[in-house]
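Read top to bottom, the protein sequences are chains A and B. In terms of the numbering used here, the first sequence is residues 881 to 1358. In terms of the numbering used here, the second sequence is residues 17 to 334. Here is the structure we will look at.
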Amino acid sequence: MSRFEYAPAPESRAIVDIKSSYGLFVNGQFVEATDGKPFKTVSPSSEEVLAEISEAGPADVDKAVKAARKAFEKVWGPMSGRDRAKYLFRIARLIQERSRELAVLESLDNGKPIRESRDVDIPLVAAHFFYYAGWADKLEYAGVGEDPQPWGVAGQVIPWNFPMLMLAWKIAPALAAGNTVILKPAETTPLTALAFAEICQQADLPPGVVNIVTGAGRTGQTLVEHPDVDKVAFTGSTEVGRAIAKSVAGSDKAVTLELGGKAANIVFEDAPIDQTIEGIVNGIFFNQGHVCCAGSRLLVQESVYDEVLARLKRRMGTLRVGDPLDKNTDIGAINSAAQLARIRELSQIGEDEGAERWSPECELPAEGYWFPPTVFTGVSQAHRIAREEIFGPVLSVLTFRTPAEAVEKANNTPFGLSAGIWTDKGSRILWMANQLRAGVVWANTFNRFDPTSPFGGYKESGYGREGGRHGLEAYLAH
Amino acid sequence: MTTLDSGVDSLADVTSSEDRLRRFLLGLPGVDQVGAEARAATLSTRSIKTTAKAYALDLAIRMIDLTTLEGQDTPGKVRALCAKAMRPDPADSTAPQVAAVCVYPDLVATAKHELRGSDVKVASVATAFPSGRSSLAVKVQDTKDAVAAGADQVDMVIDRGAFLSGRYGLVFDEIAAIREAAGDAHLKVILETGELVTYDNVRRASWLAMLAGADFIKTSTGKVSPAATLPVTLVMLEAVRDYHESTGLHIGVKPAGGIRTAKDAIKYLVMVNETAGPDWLDPELFRFGASSLLNDLLMQRTKLATGHYPGPDYFTLD
Chain A
881 MSRFEYAPAP ESRAIVDIKS SYGLFVNGQF VEATDGKPFK TVSPSSEEVL
931 AEISEAGPAD VDKAVKAARK AFEKVWGPMS GRDRAKYLFR IARLIQERSR
981 ELAVLESLDN GKPIRESRDV DIPLVAAHFF YYAGWADKLE YAGVGEDPQP
1031 WGVAGQVIPW NFPMLMLAWK IAPALAAGNT VILKPAETTP LTALAFAEIC
1081 QQADLPPGVV NIVTGAGRTG QTLVEHPDVD KVAFTGSTEV GRAIAKSVAG
1131 SDKAVTLELG GKAANIVFED APIDQTIEGI VNGIFFNQGH VCCAGSRLLV
1181 QESVYDEVLA RLKRRMGTLR VGDPLDKNTD IGAINSAAQL ARIRELSQIG
1231 EDEGAERWSP ECELPAEGYW FPPTVFTGVS QAHRIAREEI FGPVLSVLTF
1281 RTPAEAVEKA NNTPFGLSAG IWTDKGSRIL WMANQLRAGV VWANTFNRFD
1331 PTSPFGGYKE SGYGREGGRH GLEAYLAH
Chain B
17 MTTLDSGVDS LADVTSSEDR LRRFLLGLPG VDQVGAEARA ATLSTRSIKT
67 TAKAYALDLA IRMIDLTTLE GQDTPGKVRA LCAKAMRPDP ADSTAPQVAA
117 VCVYPDLVAT AKHELRGSDV KVASVATAFP SGRSSLAVKV QDTKDAVAAG
167 ADQVDMVIDR GAFLSGRYGL VFDEIAAIRE AAGDAHLKVI LETGELVTYD
217 NVRRASWLAM LAGADFIKTS TGKVSPAATL PVTLVMLEAV RDYHESTGLH
267 IGVKPAGGIR TAKDAIKYLV MVNETAGPDW LDPELFRFGA SSLLNDLLMQ
317 RTKLATGHYP GPDYFTLD
């Protein structure tokens, strides 16, 4: 062998035990769905059917809401914060103990590389439960009044891009604050949520405190529209978010929405160049670009445009696309055929509108849903690929001349979830961060998450905050 | 100041005066510490198995500068080291030879004699190693002595005091003078990154050494902690990659000190592969300054071939 070819290094699947079919998790038990039609969840990297999943219909959702209501009134609501914390700490430890299994399961069901599910997703899931466990007996110090009270029953709907992490973002603060929950995972990625249901059983969590109902959009709609749900939390597309906002308007439900984004990642000429390239790559190719806060619009100062592009392309040539369970994979599979179709469609539109498309040479597997890391140059603010969320490994590159122009272009979007700034000048970072209308502004880094840090959007990226002390606020009436 | 004469026309102007050199070095893009360390950490998660591991283990052995740099070194010790360099694994003749044996100048002749007829080179440290605190005349003579005794490669140290106080011209001139004194010998320039501390300094010192005529840039003497680290080596690999882009010249990189396990060595090779590129996966362009590393590589090599670990007593101690 004359070159250093990395041999396949697959993480073993033996550690996961996927059942052929799953029921719903209601009132502490797995139960058969009474209405609704079962559906299949597939592995996006191979199109292999992993399991048959129940669809929760209105009667099932109603049972789950009743169970949650009863648990809230009889057990979880009256329980002291200190005791709730014990359960949350127990769940956090169980997640750590089962982290390898959960990482494999997540990569199988979602298509993301094991390196990310193992090193990012699952450690963050445990960290969120640990963090909010610590808050459970200290709510009066959260800065939301002297005697903050839970809303009651929370209906939560989460997306497929970070299935278990989004579950943690929703469930951990809700339980810490004293709410009970009904969570609906995305229809393409229900398996880790169902594994989480087992963890709740293992932790002896009182029945009804956590309920998991599976299904697609209709199940989610039934859940958020259920009259006995006090609080609705949704992460997903702006389109669905809008529909939810409409359907709960006029009711007294509390709502938080975390929606789409089209983040600007802004590179100044004095940026630390090699780390900037890593940040650009991490910003758009992390999790195949299925990240609502992805740095999908690269704004480069014209004076360093050529150098940044040349280095970025060279770096993209070293990205390893393939089997999500291979420990050396950098970019895994696109989550679903539908998402792949959307990425293809928008990329085609980019070409048709005159932007120049480039991908490194890379062989894509024959089975499954795949899209190569792609960069579009010659993109202007008017192009659709500069305005619409692609939610895939596709980067649009634009240029600017002055800091003011960078701010103007960065803010010229209906979204406002995140932004990145790359410069060696501290004063410029602070000035830019004040100008940018984005919930999260990263400086000389991108896509960094921490349970102590609030996250959320401006404008059409939604409202409410998750994470940190701010994240508690969404689950407390005040 | 000395000017450059060969191969680097595009950068010749940079070294035409101290002021220009200074402006060039201070104008290099900064290195973000958090980002550089994160990149090194991510690369260390690569999983190198089976055929890839076999390739990496043999390559790492071929890249070793088997080193002894102690006050207590004797001809006997050096002879033992040379024997090991030529035949690292007494039980397995398929184990490759190492690249070189690295000793103090007074032991070069002994090493040269022991290694005669083999492809293993003799590297000598010089220039008042490890501190470099001596006059230029002494450093030049030290270098000439080592070369006269038969050293194929000279590992010099830079004047860190001069570098840290911003006297880049002085550091440049000294490297250039040693370059000349070393004649045909390969010149490795030790930056002693543990004393330069910041990654910005590491990048500047790397460029300074390359502009002054280094064939290799080397992290450390092994006498200062921290010695070689992955992020420092990353920054140096980026420097040689960028220098190659500007000049077409390949400069080597040698992390030295603190690399003791096969697992660590493989992390470095992954970093070389994905940063400077496959051209550098060659003993001509990448070396490990190490001693105990060799036995672990040999042990992992035997494990891979036979399926079980031999005891440490099956490998020679020198």
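Ideal Cβ positions, reconstructed from N, Cα and C, are used throughout, including at glycine.
Look up residue i in the DSSP assignment and give the residues it is bridged to.
i: residue 68 of chain B; result: Answer is none; residue 68 of chain B lacks a bridge partner.
i: residue 1346 of chain A; result: A:1335
i: residue 171 of chain B; result: B:141 and B:204
i: residue 1038 of chain A; result: The partner list for residue 1038 of chain A (beta bridge, DSSP) is empty, contrary to what the question assumes.
i: residue 1181 of chain A; result: A:1280
i: residue 929 of chain A; result: A:922
i: residue 1206 of chain A; result: A:890
i: residue 63 of chain B; result: BP columns for residue 63 of chain B are empty, so no partner.
i: residue 118 of chain B; result: B:83 and B:139
i: residue 1274 of chain A; result: A:1254
i: residue 1292 of chain A; result: Partner(s): none; residue 1292 of chain A has no beta bridge.
With a threshold of 7 Å on Cβ separation, who are the neighbours of residue i within its own chain once the five nearest residues in sequence on each side are excluded?
i: residue 239 of chain B; result: 146
i: residue 1303 of chain A; result: 1148, 1150, 1151 and 1309
i: residue 218 of chain B; result: 207, 209, 212, 248, 251 and 252
i: residue 66 of chain B; result: none
i: residue 1231 of chain A; result: 1237
i: residue 1057 of chain A; result: 1019, 1030, 1352, 1355 and 1356
i: residue 926 of chain A; result: 1247 and 1248
Taking the C-alpha atoms as reference points, what is the distance between residue i and residue j?
i: residue 1144 of chain A; j: residue 111 of chain B; result: 53 Å
i: residue 116 of chain B; j: residue 1325 of chain A; result: 41 Å
i: residue 1195 of chain A; j: residue 1319 of chain A; result: 29 Å
i: residue 76 of chain B; j: residue 34 of chain B; result: 39 Å
i: residue 1223 of chain A; j: residue 1159 of chain A; result: 22 Å
i: residue 19 of chain B; j: residue 32 of chain B; result: Low local confidence applies: a pLDDT of 41 at residue 19 of chain B is under 50, so the model's placement there is unreliable, with the coordinate-based value given in what follows. If you take the alpha carbons of residue 19 of chain B and residue 32 of chain B, they lie about 6 Å apart.
i: residue 976 of chain A; j: residue 59 of chain B; result: 24 Å
i: residue 70 of chain B; j: residue 317 of chain B; result: 7 Å
i: residue 1212 of chain A; j: residue 74 of chain B; result: 31 Å
i: residue 971 of chain A; j: residue 1331 of chain A; result: 16 Å
i: residue 1191 of chain A; j: residue 1155 of chain A; result: 11 Å
i: residue 157 of chain B; j: residue 203 of chain B; result: 15 Å
i: residue 928 of chain A; j: residue 1274 of chain A; result: 26 Å
i: residue 293 of chain B; j: residue 932 of chain A; result: 46 Å
i: residue 1089 of chain A; j: residue 1080 of chain A; result: 9 Å
i: residue 1187 of chain A; j: residue 1171 of chain A; result: 27 Å
i: residue 178 of chain B; j: residue 272 of chain B; result: 22 Å
i: residue 1117 of chain A; j: residue 953 of chain A; result: 33 Å
Residue i: beta carbon under 7 Å from a heavy atom of the ligand MG?
i: residue 276 of chain B; result: With respect to the ligand MG, the structure shown offers nothing to examine, as it has no ligands at all.
Around the Cβ of residue i, are there at least 16 other Cβ atoms within 10 angstroms (buried) or fewer (exposed)?
i: residue 42 of chain B; result: exposed
i: residue 120 of chain B; result: buried
i: residue 133 of chain B; result: exposed
i: residue 306 of chain B; result: buried
i: residue 895 of chain A; result: exposed
i: residue 254 of chain B; result: buried
i: residue 1314 of chain A; result: exposed
i: residue 1215 of chain A; result: buried
i: residue 834 of chain A; result: Chain A is shown from 881 up to 1358; residue 834 of chain A falls before or after that span and cannot be answered.
i: residue 216 of chain B; result: buried
i: residue 899 of chain A; result: exposed
i: residue 901 of chain A; result: exposed
i: residue 1181 of chain A; result: buried
i: residue 1108 of chain A; result: exposed
Please return the same chain residues whose Cβ sits closer than 8 Å to the Cβ of residue i, not counting the five positions on each side in sequence.
i: residue 1283 of chain A; result: 1148, 1308, 1311 and 1312
i: residue 893 of chain A; result: 984, 988 and 1205
i: residue 978 of chain A; result: 1075 and 1079
Between residue i and the rest of its own chain, which residues show a CB-CB distance below 6 Å, the 5 nearest in sequence each way excluded?
i: residue 890 of chain A; result: 1205 and 1206
i: residue 130 of chain B; result: 95 and 98
i: residue 1139 of chain A; result: 1118, 1121, 1341 and 1342
Exercise. Please determine if the region 944-954 of chain A and the region 1115-1135 of chain A are in contact, where contact requires at least 3 C-beta pairs separated by less than 8 Å.
Key: no
Quiz item: Do the region 1190-1210 of chain A and the region 1230-1247 of chain A meet, that is, are 3 or more Cβ pairs less than 8 Å apart?
Solution: yes
Exercise. Check whether the region 986-998 of chain A touches the region 1095-1104 of chain A, counting contact only when three or more Cβ pairs, one atom from each stretch, lie closer than 8 Å.
Key: Judged by Cβ distances under 8 Å, the region 986-998 of chain A makes no contact with the region 1095-1104 of chain A, as fewer than three pairs qualify.
Quiz prompt | the region 1246-1255 of chain A touching the region 1285-1300 of chain A, judged by at least three CB pairs closer than 8 Å | solution = By the Cβ rule, the region 1246-1255 of chain A does not count as touching the region 1285-1300 of chain A, because fewer than three pairs are nearer than 8 Å.
Quiz item: Does the region 92-107 of chain B touch the region 904-916 of chain A, meaning 3 or more C-beta pairs lie closer than 8 Å?
Solution: no
Quiz item: Does the region 294-311 of chain B come close enough to the region 87-96 of chain B that 3 or more CB-CB pairs lie under 8 Å?
Solution: no
Quiz item: When the Cβ atoms of the region 158-169 of chain B are set against those of the region 260-269 of chain B, are three or more pairs found closer than 8 Å?
Solution: no
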